[in-house]
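In our numbering, the protein residues as written are 27 to 150. For every residue, glycine included, the Cβ atom is placed at its ideal position computed from N, Cα and C. Right, one structure below, let's go through it.
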């Protein structure tokens, strides 16, 4: 979870679930509120220097690492934050085309038995 406003939206649409979150949500005050109102648990990795450090489950570590990698690739290589659109439809199409390009590159890598995270050298 990267968006600070997302916990407000998720409480309306979802319930009884576990959401992997960033370390920034470690000491946020609405963590108990989310659990009490919608039974949503934020799975936040503890910092290594914290007392009583417990290593996170493998599945959450792998998922978190994959989300971080994908988010940084979208920001750096596909410049997802730079979208010069004049209307909402143009904005939506720009974002969707960048996500679609990422998905097609991952598919090409998967079909060629290469690492799907290597986006720069996929077709070579």
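**Study point:** Assumed close pair residue 124, residue 96 - CB separation to whole angstroms, cut-off 8 Å
**Key:** About 12 Å separates the two Cβ atoms, so there is no contact after all.
Review point. From which residue to which residue does the beta strand (DSSP E) around residue 68 run?
Key: Under the DSSP assignment, residue 68 falls in the beta strand (DSSP E) whose first and last residues are 66-69.
Check your understanding: Rounded to a whole number of angstroms, what is the C-alpha to C-alpha distance between residue 110 and residue 104?
Key -> 13 Å
Review point. How many Å lie between residue 117 and residue 89 at the Cα?
Key: Put simply, the backbone Cα of residue 117 is about 28 Å away from that of residue 89.
**Study point:** residue 60 burial status per 10 Å Cβ neighbour count (16 or more: buried)
**Key:** buried
Review point. Of all Cβ atoms in chain B, is any one closer than 8 Å to the Cβ of residue 46?
Key: In the structure shown, chain B does not exist; there is a single protein chain.
Review point. Is the CB-CB distance between residue 121 and residue 132 below 8 Å?
Key: no
**Study point:** Residues of its chain near residue 57, where Cβ-Cβ distance is below 6 Å and the 5 sequence neighbours each way are ignored
**Key:** 68
Check your understanding: When burial is assigned at 16 or more other CB atoms within 10 Å of the CB, is residue 66 buried or exposed?
Key -> Buried, since its Cβ has 16 or more Cβ neighbours within 10 Å.
Review point. What residue does the beta strand (DSSP E) around residue 45 start on, and which one ends it?
Key: 43-46
Practice item. In the DSSP assignment, find the alpha helix (DSSP H) that holds residue 119 and state where it starts and stops. Key: Here the alpha helix (DSSP H) through residue 119 covers 114-137.
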